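Colleague: With the working numbering, the residue at position 9 of the sequence shown is 148, and numbering never jumps. Ideal Cβ placement from N, Cα and C applies to all residues, glycine included. Note that the structure is a prediction, hence the values are computed from the model and not measured.
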Amino acid sequence: MLDYQLYDLNAGGYHLTNLILHVLSTLLLFWLFNRMTTMAWRSAFVAALFALHPLHVESVAWIAERKDVLSAFFFMLTLCLYVYYAEKPDLKRYLLTVFCFLCGLMSKPIVVTLPVILILLDYWPLKRLWRLPEKIPFFILSAVICFITLYAQHKPFIKDFPLDSRIANAVVSFVTYLEQTFWPQNLAVFYPFLDKLPVWQVLGSATLIIVISVAVVAVAKQLPGLFFGWFWYVIILLPVIGIVQVGNHSMADRYMYLPLIGIGIMMAWGIPLLFQDAMMRKYIVLVAGIVFIAILAFLTWQQCGYWKNSIILFSRALQVTNNNYIAYNNRGVDYDEINRYQDAIKDYDEAIRLIPNYQEAYNNRGITYGKLGKYQLAINDFNKVIDLNHNHAKAYYNRGLVFFLQGNKELGCRDAQKACELADCKLLEYAKNKKFCY
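1) Pick out whichever of A456, A203, G546, G152 has its Cα sitting closest to the Cα of V328.
2) I'd like the span of the beta strand (DSSP E) that includes M390, first residue to last.
3) Under a three-way DSSP split, which group does Y445 fall into?
4) Please state the DSSP three-state secondary structure of P228.
5) Just how far apart, CA to CA, sit F332 and I491?
6) Quick check on the burial criterion: 16 or more other C-beta atoms within 10 angstroms. Buried or exposed for L158?
7) Does the pairing of the segment 253-269 with the segment 308-316 give three or more beta-carbon distances under 8 angstroms?
8) At the level of alpha carbons, what is the spacing between D475 and T507?
9) Mind checking whether G471 and N502 have CB atoms under 9 angstroms apart?
10) If you measure between the beta carbons of Y487 and N461, is that distance less than 9 angstroms?
11) By a C-beta neighbour count over all protein chains shown, 10 Å radius and 16 as the cutoff for buried, is T177 buried or exposed?
12) Whole angstroms are fine: how far does the CA of A211 sit from the CA of F189?
13) Between which two residues does the alpha helix (DSSP H) holding L289 run?
14) Tell me the DSSP secondary structure of P331 in three-state form.
15) What three-state label does DSSP hand Q415 in the structure shown?
16) Sort A203, I518, L160 by Cα distance to W446 and report the nearest one.
17) How many Å lie between T165 and K523 at the Cα?
18) Check this for me: beta carbons of V424 and I410, under 9 angstroms apart or not?
19) DSSP state of Y569, grouped into three classes?
20) Taking C-beta to C-beta, are L289 and V383 nearer than 9 angstroms?
21) Checking 9 angstroms against the spacing of the C-beta atoms, do G403 and V162 come in under that value?
22) Just the C-alpha distance for A335 and F300, rounded to the nearest angstrom, thanks.
23) Between M579 and Y464, what straight-line distance do the alpha-carbon atoms span, to the nearest angstrom?
24) Cutting at 8 angstroms between CB atoms, please list the residues of its own chain near D520, excluding the five before and the five after it.
25) In chain order, what residues of the same chain have a beta carbon less than 7 angstroms from the beta carbon of S198, not counting five sequence neighbours either side?
26) Near V222, what residues of its chain come up, given a Cβ to Cβ distance below 8 angstroms and the 5 sequence neighbours on each side ignored?
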């Protein structure tokens, strides 16, 4: 609402707000680790990685993902306030921390992982005795939000994936996100879920996860930064890794917005240990870090170019992924909006070829056929949607509209009435005003 008051419908203003929140989160991240460790250069590297990584383009450039940057801001602010509280515990500082955490939860449920991160902070860098009772309100709030989120997201998907496929995808995704952190190429707005992953890939990914986990636990006392960074990554990523299905994608760049910080911490506190000589450590690591961040900044600038408009965005997704039915359908909608109807139909055809029972693609193709005056083809598509889903209000609405365009008032009124019963009464009101229905 505030954005609308400030910018009206100027998209640039909404992008600016996202960017401001991203910058503020970056500054808070730097302050947080510099305050706890007094290691400014390492903290700056982690903050720069967060600020300039291509995986974060989706969260910042996509206006609809405001919840990512807003929740991250409150996540970072809560951690900073917790450090402030830990330095001098009192009720006022504690309540302020809890309130900020609640703001984060209301921004995006991913913040439910924060209580576990607080326990990690107590271990390192704060080196503070674990005080679990003070974490109880955080865990209670997280549990409530988890319940509400799972209940609210209980909805049908284009495809339902079996549990074994979701677990396999989750294991592979953990490693794929690591790969994208160091080699962020072929990023896409949507990654289709693969029903069957190669066994070797699943087993190899599982082995790597286990090896890293065992290794960081084994060296936790000597190298607590590695332990902290790895489990920051794992814990924050776990709720969105896909074991609980919340969409039709296998993974998403936006899911790495906060987990990436953990990998940055492992790099900043782990790589310098490879060099025994202090001077070599200082200059080689510093130069390598600057070069790495500069390369990421260039790739981020390049990735931003794919977000200029939806057609470029979904065309890029089709270039770098296979069988991307969502990208075909969404690009078809964009082609339809600029009157490129034949291109739209080609994309809908491809989406339907990939997913034969894809309701939205049939509905969208029917709309395009209607605009071309191919009313019977449009009706056929709407019939298909209704056969697949008897409660698809848009299909009844659209079929009713086509019936009216054909002059078939009886069938048009019937569909308009059905659409009204399900969700949308605009067509029925229009028909009554035109004396088509009574």
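Modeller: Let me spell this out:
1) Considering only alpha carbons, the answer is A456.
2) Here the beta strand (DSSP E) through M390 covers 388-390.
3) In the structure shown, Y445 sits in coil (DSSP, three-state: anything other than H, G, I, E or B).
4) P228: coil per DSSP, three-state reduction.
5) Within the model, the alpha-carbon separation for F332 versus I491 is close to 16 angstroms.
6) Counting Cβ neighbours within 10 Å, L158 comes out exposed, since fewer than 16 surround it.
7) As far as the Cβ criterion goes, the segment 253-269 does not touch the segment 308-316, which means the pair count is below three.
8) In a straight line, the C-alpha of D475 is about 7 angstroms away from that of T507.
9) No.
10) N461 sits away from Y487, with the two beta carbons spaced by 9 angstroms or more.
11) Burial call: exposed.
12) Note on geometry: alpha-carbon atoms of F189 and A211 lie some 11 angstroms from one another.
13) According to the DSSP assignment, L289 belongs to the alpha helix (DSSP H) that extends over 275-291.
14) The answer is strand: DSSP assigns P331 an E or B state.
15) Per DSSP, reduced to three states, the secondary structure at Q415 is coil, with no helix or strand assignment.
16) By alpha-carbon distance to W446, the top candidate from A203, I518, L160 is A203.
17) T165 and K523 have their C-alpha atoms roughly 49 angstroms apart.
18) It is a contact, given that the beta carbons lie within the stated cut-off.
19) Under the three-state reduction of DSSP, Y569 is assigned to helix.
20) Yes, the Cβ-Cβ distance between L289 and V383 is below 9 angstroms.
21) No Cβ-Cβ contact shorter than 9 angstroms links G403 with V162.
22) Note on residue identity: the sequence assigns Lys, not Ala, to residue 335. Annotation: K335 to F300 spans about 10 angstroms, alpha carbon to alpha carbon.
23) It is not possible to answer for residue 579, since the shown part of the chain is limited to 140 through 577.
24) For D520, same chain residues with a beta-carbon under 8 angstroms away, outside a window of 5 residues either side, are Y501, N502, R504, G505, Y508 in chain order.
25) Excluding the 5 residues flanking it on each side, S198 has same chain C-beta neighbours closer than 7 angstroms at E204, D207, V208, R393, Y396, in chain order.
26) Correct list, in chain order: L171, R174, M175, L260, L265.
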